[in-house]
Amino acid sequence: MSRQDANAAFALSSFLNGTNATYIDDIYARFERDPSSVDAEWQEFFKSLKDSPDDVQKNAAGPSWERANWPIAPRDDLTSALDGNWTRVEKVVGTKLSAKAAEKGQAVSEAELQQ
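Basically the working numbering = 1-based index in the sequence shown + 64.
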């Protein structure tokens, strides 16, 4: 095999790099649902694989052992400052403000707490 042949073989298969696996699984699942939804080159490639449609859908769905609640998202002040998600802090502050208003005999609406 000459160097040129090796380069040609690499060019034809370089998209199979592991970092593209999820993307290719998603395209393959889309192809199984509706072959016309992918380009002709992908159609030709997927037809040549001859995988079971059930296996294709399972691969695209991800691992069966995957946990929906993992990894646990950190909820500290630093993370909230970086991602802008202050939901927990807003609830605590809202509860404290409602309690203070109740002590003084006043009612506070949700809209007023959001201001």
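All C-beta atoms in this analysis are idealised placements derived from N, C-alpha and C, irrespective of residue type, glycine included. Note that the structure is a prediction, hence the values are computed from the model and not measured.
Any non-hydrogen atom of the ligand NAP closer than 7 Å to residue i Cβ
| i | result |
| --- | --- |
| N123 | Summarising the ligand content, the structure contains no ligands, and the ligand NAP is consequently not present. |
Contacts around residue i, its chain only, beta-carbon distance under 7 Å, and the 5 residues preceding and following it disregarded
| i | result |
| --- | --- |
| F110 | Y92 and F95 |
| D69 | none |
| W106 | I91 and F95 |
| V102 | I91, R94 and F95 |
Presumed contact (8 Å Cβ cut-off) between residue i and residue j, rounded CB distance
| i | j | result |
| --- | --- | --- |
| V153 | L161 | Not really, about 12 Å apart at Cβ, beyond 8 Å. |
| L177 | G158 | 5 Å |
Three-state secondary structure assigned by DSSP to residue i
| i | result |
| --- | --- |
| R139 | coil |
| Q179 | coil |
| A73 | helix |
| G169 | coil |
| G158 | helix |
| G82 | helix |
Cβ neighbours of residue i in the same chain (closer than 8 Å, five flanking residues each side left out)
| i | result |
| --- | --- |
| T151 | none |
| A165 | A171 and V172 |
Item to check | Sufficient close CB pairs (3 or more, under 8 Å) joining the segment 87 to 101 to the segment 112 to 128 | outcome: yes
Item to check | Contiguous alpha helix (DSSP H) assignments of at least 4 residues, all confined to the segment 99 to 134 | outcome: 104 to 113 and 117 to 125
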